[in-house]
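Residue numbers (my numbering): 154 to 396.
Beta carbons are placed, not taken as given, at the ideal position from N, Cα and C, and that holds for glycine.
Next comes the structure, spelled out in structure tokens:
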């Protein structure tokens, strides 16, 4: 019996890499998609350099991939600016990757997911979809769109036994976050102080959550958003996190 196949977009990032490592440990075959070459240690991944904004390129990858049991839509980025000063390019580029990219990747791999007869799509959203974050109107709007898209796809694809779930983490301990929040800094202390569980969320933890809800143990879960923020939103929500 062949191993299950997972497709992971944004596979070179901290969260994507954590998912790739865990999938490999658990015996999955992995297709990684990113706009950069694979990082060292990803030799076991079938790697495709493709942009989630390029529907034709995604379609070509899908054509070379068999049944897909798990699709992780993790590609994304932010481009901060005050809303009154944000350019149309800044606005559109973030929505193109975070929201439209999630839609087009899901659409491209829909035939592969349907072939698997019981597949799961995990969309990486963000707590910013539900709690405002100053200077990130584009990112907040895009991630809110991902949560809404998740509900629509879950409704439309349920007949094909495809579950669609969004995961909205709070502040994840990644290199991108660390560019704005050094260990031991006042900013880190403030964020941790606002988190009831008293720590940041790790990429490996997020990967385990994704794999857990992709399993048959949660076979009746679809069309919902899993918030994993250590209680951060309950304590008040997102401050102006970035300078």
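Let me make sure I understand the geometry here. Which of the options has the alpha-carbon closest to that of residue i?
i: residue 282; options: 265, 257, 231 and 263; result: 231
i: residue 379; options: 389, 206 and 323; result: 323
i: residue 289; options: 238, 218, 306 and 269; result: 238
i: residue 355; options: 287, 293, 328 and 332; result: 328
i: residue 256; options: 269, 242, 243 and 274; result: 274
i: residue 384; options: 371, 350 and 333; result: 350
i: residue 158; options: 317, 302 and 224; result: 224
i: residue 362; options: 382, 315 and 272; result: 382
i: residue 316; options: 333, 294 and 272; result: 272
i: residue 246; options: 229, 236, 174 and 211; result: 229
i: residue 296; options: 189, 244, 208 and 309; result: 244
i: residue 222; options: 168, 182, 177 and 336; result: 182
i: residue 264; options: 343, 340 and 212; result: 212
Just mark residue i as buried or exposed, buried being the case when its beta carbon has 16 or more other beta carbons within 10 Å.
i: residue 396; result: Its pLDDT being 47, under 50, residue 396 is placed unreliably in this model, and the coordinates cannot settle the point.
i: residue 162; result: buried
i: residue 214; result: buried
i: residue 338; result: exposed
i: residue 216; result: exposed
i: residue 189; result: exposed
i: residue 156; result: exposed
i: residue 154; result: Residue confidence is low: residue 154 scores 40 on pLDDT, short of 50, so the model does not pin down where it sits. No coordinate-derived value is stated.
i: residue 369; result: exposed
What is the DSSP secondary structure of residue i, reduced to helix, strand or coil?
i: residue 345; result: helix
i: residue 396; result: With a pLDDT of 47 at residue 396, under the threshold of 50, the modelled position of that residue is not reliable, and the figure given next carries that caveat. Reduced to three states, the DSSP call for residue 396 is coil.
i: residue 257; result: helix
i: residue 305; result: helix
i: residue 379; result: strand
i: residue 315; result: coil
i: residue 324; result: coil
i: residue 274; result: strand
i: residue 385; result: coil
i: residue 371; result: helix
i: residue 154; result: Low per-residue confidence applies at residue 154: pLDDT is 40, beneath 50, and the placement is therefore not dependable, though the value from the model is reported in the following sentence. Note: residue 154 maps to coil in three-state DSSP.
Are the CB atoms of residue j and residue i within a distance shorter than 9 Å?
i: residue 248; j: residue 276; result: no
i: residue 377; j: residue 260; result: no
i: residue 298; j: residue 252; result: yes
i: residue 320; j: residue 258; result: no
i: residue 172; j: residue 219; result: no
i: residue 266; j: residue 200; result: no
i: residue 205; j: residue 177; result: no
i: residue 167; j: residue 374; result: no
Output yes if chain B places a C-beta closer than 9 Å to the C-beta of residue i; else output no.
i: residue 295; result: In the structure shown, chain B does not exist; there is a single protein chain.
Exercise for the section: Only counting runs of 3 or more residues, tell me where the beta strand (DSSP E) segments fall wholly within the segment 157 to 244, in order along the chain. Expected result: 158 to 162, 182 to 187, 199 to 202 and 223 to 226
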